[in-house]
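In my numbering, the protein residues as written are 3 to 969. The C-beta atom is built at its ideal place from N, Cα and C for all residues, glycine as well. Please read all numbers here as calculations on a predicted model, not as lab measurements.
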Amino acid sequence: MPRYDARRIESKWQSYWDNHHTFVTSNTPPEGSQGKLYVLDMFPYPSGSGLHVGHPEGYTATDIVCRYNRMKDKHVLHPMGWDAFGLPAEQHAINTGTHPRETTYTNIDTFRRQLKMLGFSYDWSRELSTTDEDYYRWTQWIFLQLYDTWYDPDYEWTGLDGVNRVGRGRPISELPIPGNVKGDEAVRRYQDTRRLAYQSEAPVNWCPALGTVLANEEVTADGKSERGDHPVERRKLRQWMLRITAYAERLLGELEPLDWSESIKLLQRNWIGKSIGAEVDFYVGDTTDPETQILEFAPWKAARQQVGFPDHPGDFVLRVYTTRPDTLFGATYMVVAPEHPIVDHITTLEQRVKVDTYRDIVSRKSDLDRTDLAKQKTGVFTGAYAVNPVNGKQIPIWIADYVLMSYGTGAIMAVPAHDERDWEFAQSFKLPNTPVVEPPGSWIAENNVCDTQSWRGREEDALTLYQELLKKWKQEGARPAATDKLESLIDFSQKAPEWMDGLEQGLARRYIEYPQVCHKAFTGEGSAINSGEYDGLSTAEFKRKITEDLSAGGLGKQATNYRLRDWLFSRQRYWGEPFPIWHELDDEGKPTGLTRPVAVDELPVTLPDMEDFKPKGTPDPPLSWAPDEWLYATAEDGTRLMRETNSMPQWAGSCWYYLRFADNKNSGAFIDPEVEKYWLPVDLYIGGAEHAVLHLLYSRFWHKVLFDRGYVSTPEPFQKLVNQGMILGENNEKMSKSRGNVINPDDVVTQYGADSLRLYEMFMGPLEQVKPWSMSGVEGVFRFLGRVWRMIVDERAEDVTLSPAVQDVPLTDEQQRVLHKTIKVVTEDIEKLSFNTAISRMMEFTNVFTQADVRPKSAMESLVLLLSPFAPHLAEELWEVLGHAKTLAYEPWPTHDESMLVENEVEVPVQVNGKLRAKIMVPVDANPPAMQEIAEASEDVQKQIEGKQVVKVIAVPGRMVNFVVKG
RNA sequence: GGCCGAGUGGCGGAAUUGGCAGACGCAUCGGACUUAAAAUCCGAAGUUCCGAAAGGAGCGUGCGGGUUCGAGUCCCGCCUCGGCUACCA
């Protein structure tokens, strides 16, 4: 009585694949290869809780693609490894004293066992862990490349991909040294300011509970640590940074041609956040006397005309960045970030205390407090004024923490009439408001700028005018809030037509004259008002013109900014890659600020053995209490050296693992150039959307640096990217221990087998969609697999043998059609990653063939092959039952014959006035008149059109017929 | 607040891209097999109304409009849910 016994079958074939090295892939293409295919999963962090049902979703999808393509003679690279550095293992060490290495390797064993249990066709000989010394040796090596590189934005060159580019990462030795930089040490310090890996004293997120600083992305929106939910505050610390901003333009532009979903590309674009605007200089001067200042302004402006726009504005000029230079005439005050250095120079005596107090409060605020939108905007007047370069008006300078030092120039001109934040601030502090862009009348109406009372006494035919306006606004797609208002005005003016004016013009005039009646800022585009000679220009024209004019006067220039910030690359942790960097010490043992790289042949810098990982409550990293023999050395030139004691963040290892998989045993290079050229780029990369921004951006950045330095041949690492959707619990909520809705893959496999788990995860719905788990759904696919089993295997026999119903007979026409349709659709669906519909198709096939008393063996073989990427264990077993001696992993994929699909007649619907009234059989190739004739001959149709006038007949061959009738 | 995605039976979902809405599966109900159950197999079913029945009529893809011979699919406006994001000038 051999029933479908998943457990027996699955362990049998898993050992078969292992023993026969079925999926071990060589770096040279096999004979008859149809080309390479690199299919990659986002490798997991091996957590202590083991595999989650979310993992096998993407992993099954890629496995199907791989198994399918092997059968199509593709040379497939499909590796797996571990992103194994990271906080949890270290936290565990702190709590239990178990070394992170031990925890990590135990967890990896669990993950490997679980993945093998699911029958994924990885080439396990390529397995790697980011924590392997042999791996992080090369992570350190790549870091040294970053350290050794500066970005030259003007360099024209041709990459290994044959494309011409402007801008390249070049060796630091090629950095031009300005003439005023003299002496060896000065040169080194100058170089240090240009490296892609550099040190900086930066305010960082210090988390006292974790005893570490965190990257912005590790802090939640409400200012808590992502791990552990502890409070986070700001502190200034020496940090390693990576100059990813140098690559912003490349990261943006080279995203375009990639085969990624538009929404992920958009996410990356928004993250990079490019904006084009202008930098403008406002004269401040060295005086607190407004009259003196205004006297100085004219000569300053004249001088600027001569010398042009300088690189640095100097201490007494305030440089702002704006994307709306067209609103320059509407600037009614200035705001600088509290940390802005100019504050020290300009603050007046009277304001000094207030300013200092404010700066002090702000400096202790966490990012949370600073960005809390619920709160009112805060700020303090500095007592100083700046002179608007376009009209010589003196406007007050404030400091406020809604302006960030880290973006643009750290200073803005505030235009409350046309910027929401400035509007709010101006409201709070009763600052003036000058509109300089005329909004459409409908916008003004919608925002309650006018009250009807004010139009009393103006005579005109308001009714007609309003009706015309209403029509116009509706055509323009004005919001109901505006049109409704107008409608009520029409209603009103019908009763009292005499006091209405031309509303649209009136509204605008009203807006110009009394901006304060408006209840919000107009941030759209329009035409210029209150802007002197520029009045009447459209926003776009104005921007162009004034940028030109400012530029000509040496008062401003076009500027581009990115939201993207440099990447904070150091952590105060033990369980991460050590930096391959020495700090030079002076005679007193203090760091001189000069660094030198660890020699490449001395890599890796391994982690010292340590027992004590507990943070000491200071920002000192655990490595700072490593043994002296690790920590210190003396260079050949006699200089005392101390190691960098920060470690790299978890992102480091995952930035380049896809490269190492191609050549994981190479001890002479991180990857062999020939191997790189063969396998890269990754053809399909599947993983969760949570990595849509950071991991992918960081990886792309490293890849581009390696590309610029000539180590890789493609500018992008991942050609096609797909994000699988999250799997929710049965209650439609996110799976979590606290909700008690976590599904453990081990349990599912024990009960139903790996094939059922795989099949179910693919059957649930579209790969990219969020979808809830359902245990009875698993039951359903399990039953399907049982049906397939019984379709082929004789259940009543003692041993596993072929069912007597399966015979070497030809297929009936109907069976041919079903078979070939199934082959066609399953093949297409796999190509589209539409696995749920592929499975439905195979179910339909099975429903048809199980009903046949005699089942053609050839059809059974085809189905087994089609099913094999989805349920490989069962398929292998059935393949054996069907009389084959070796694995089906490399059997040719079935092909369909289009001629087998054609039917002579098809049923098409007949509609009357678009409503389904009858169905008729027509020859497939019937033309419209023929179809109409057949339709008209049908009794049902005649009943419907009897006594009515047929106005028109639409017939779509093979599709439908529609009679349009009257009467 | 901004951006992205999604709303189709009791449930997960399908629908050749404008042409028979609800494939396939789950749950449900009925039947067969069985002493009985499990397993398995066969069958029914969007919904309302009319009819004893066969059958028929209407309504149906979040809501309201529009385009079209024809709309789940296209256009306009709105609502709800989910994800990401957070003052970027």
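Annotation: Pro-58 to Asp-665 spans about 25 Å, alpha carbon to alpha carbon. Here Ala-601 is exposed. Its C-beta has fewer than 16 other C-beta atoms within 10 Å. In the DSSP assignment, Pro-58 falls within the unbroken alpha helix (DSSP H) covering 56-73. Under the DSSP assignment, Val-751 falls outside any beta strand (DSSP E), being part of the alpha helix (DSSP H) whose first and last residues are 747-754.
For the options Arg-128, Val-914, Val-912 and Val-345, the alpha carbon positioned closest to that of Asn-29 is the one of Arg-128.
Taken atom to atom, the span from the alpha-carbon of Thr-325 to that of Leu-686 is near 38 Å. Less than 9 Å separates the beta-carbon of Ala-873 from that of Leu-761. Cβ neighbours of Thr-24 within its own chain (closer than 6 Å, five residues either side excluded): Thr-889 and Ala-891.
For Gly-171, the number of other beta carbons within 10 angstroms of its own is at least 16, and it is reported as buried.
For His-822, DSSP records no beta bridge to any residue. Shortest Cα-Cα distance from Thr-411 to any of Gly-670, Asp-150, Leu-42 and Val-282 involves Val-282.
For the pair Arg-190 and Leu-596, the CB atoms are nearer than the 9 Å cut-off.
The residues Leu-253, Gln-270 and Trp-273, in chain order, have a CB closer than 7 Å to that of Leu-699 in the same chain once the five nearest residues on each side in sequence are set aside. In this structure, the alpha-carbon of Glu-735 lies about 30 Å from that of Thr-106. When C-alpha distances from Ala-554 are compared across Glu-586, Pro-391 and Phe-427, the shortest belongs to Pro-391. About 33 Å separates the CB atoms of Ile-673 and Met-764; that is not less than 8 Å, and the two are not in contact.
Here Lys-945 carries a helix assignment [DSSP, helix/strand/coil].
Pro-624 carries a helical assignment under DSSP once its states are collapsed to helix, strand and coil.
The segment 764-774 and the segment 117-128 do not touch, with fewer than three beta-carbon pairs separated by less than 8 Å.
Going by beta carbons, Glu-92 and Tyr-576 fall inside the 9 Å limit.
When the Cα atoms are used, Arg-662 and Gly-655 turn out to be separated by approximately 10 Å.
A residue is called buried once 16 or more other Cβ atoms fall within 10 Å of its Cβ, and Thr-752, having fewer, is exposed. Runs of the alpha helix (DSSP H) lying entirely within the segment 787-858 and spanning at least 4 residues, in chain order: 815-833 and 837-852. In the assembly as shown, Ala-799 is an exposed residue. Its beta-carbon has fewer than 16 other beta-carbons within 10 Å. Closest by C-alpha distance to Leu-53, out of Val-286, Phe-113 and Gly-60, is Phe-113.
The residue among Val-438, Leu-552 and Thr-608 with its C-alpha nearest the C-alpha of Ala-530 is Val-438. C-alpha of His-94 to C-alpha of Thr-100: approximately 7 Å in a straight line.
With contacts defined as CB atoms closer than 9 Å, Cys-68 and Val-41 qualify as a contacting pair.
In the displayed model, Ser-940 falls within coil according to three-state DSSP, outside both helix and strand. Straight across, the Cα-Cα distance linking Asp-291 with Glu-352 is about 13 Å. Under a 10 Å Cβ-count criterion, Val-168 is classified as exposed, with fewer than 16 other Cβ atoms of the shown protein chains found around its own Cβ. With a beta-carbon spacing of about 3 Å, Arg-565 and Gly-275 fall inside the 8 Å limit used to define contacts. Distances from the CA of Ala-691 to each of Trp-262, Gln-913 and Leu-557 were compared; the closest alpha carbon is that of Trp-262. For Gln-946, same chain residues with a beta-carbon under 6 Å away, outside a window of 5 residues either side, are Val-914 and Arg-919 in chain order. When the beta-carbon positions are compared, Leu-570 and Trp-242 come within less than 9 Å of each other. Phe-965 and Val-952 have their C-alpha atoms some 7 Å from each other.
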